[in-house]
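Data block below; observations after.
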Ligand SMILES: [Zn+2]
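In this note's numbering, the protein residues as written are 9 to 82.
Spelled out as structure tokens, the structure:
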């Protein structure tokens with residue numbers, strides 16, 4: 009299964025922009041807003057078989073709105 013195809017992302021809880029699932033150097037996933045730059049924390053995986061689970065967790069946290077704004081107060 010393609011990880012990107014299998015995961016649905018809600019709109020950004022801050023600005024309503026589109027969320028983007030990103031993989032960081034082959035060790036973790038996070039979701040970032042393409043408009044305002046808000047993002048989840050990073051979800052690390054150590055084994056290849058944990059890769060998709062980490063991606064799903066990042067997406068789940070994003071969809072719950074547990075997102076950190078890079079510029080509070082803006
Ligand atoms: Zn946003």
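Beta carbons: idealized from backbone N, C-alpha and C, even for Gly.
Where the beta strand (DSSP E) through residue i begins and ends
| i | result |
| --- | --- |
| residue 37 | 36-41 |
| residue 32 | 27-32 |
C-beta contact flag for residue i and residue j at 8 Å
| i | j | result |
| --- | --- | --- |
| residue 66 | residue 37 | yes |
| residue 62 | residue 52 | yes |
| residue 39 | residue 27 | yes |
Contact test: residue i Cβ vs ligand 3 heavy atom, cutoff 7 Å
| i | result |
| --- | --- |
| residue 73 | In the structure on display, ligand 3 does not appear, and the ligands it does have are ligand 1. |
Rounded separation between residue i and residue j - CA only
| i | j | result |
| --- | --- | --- |
| residue 32 | residue 17 | 18 Å |
| residue 72 | residue 57 | 24 Å |
| residue 22 | residue 59 | 27 Å |
| residue 47 | residue 13 | 20 Å |
| residue 64 | residue 15 | 7 Å |
| residue 54 | residue 29 | 18 Å |
Interface flag, residue i vs chain C, CB-CB below 8 Å
| i | result |
| --- | --- |
| residue 54 | Looking at the structure shown, chain C is missing, and only one protein chain is on hand. |
Exposure of residue i, with buried meaning 16 or more beta-carbon neighbours within 10 Å
| i | result |
| --- | --- |
| residue 76 | exposed |
Cut-off 6 Å between Cβ atoms - residues of its own chain near residue i, not counting five sequence neighbours on either side
| i | result |
| --- | --- |
| residue 78 | 45 |
| residue 43 | 23 and 25 |
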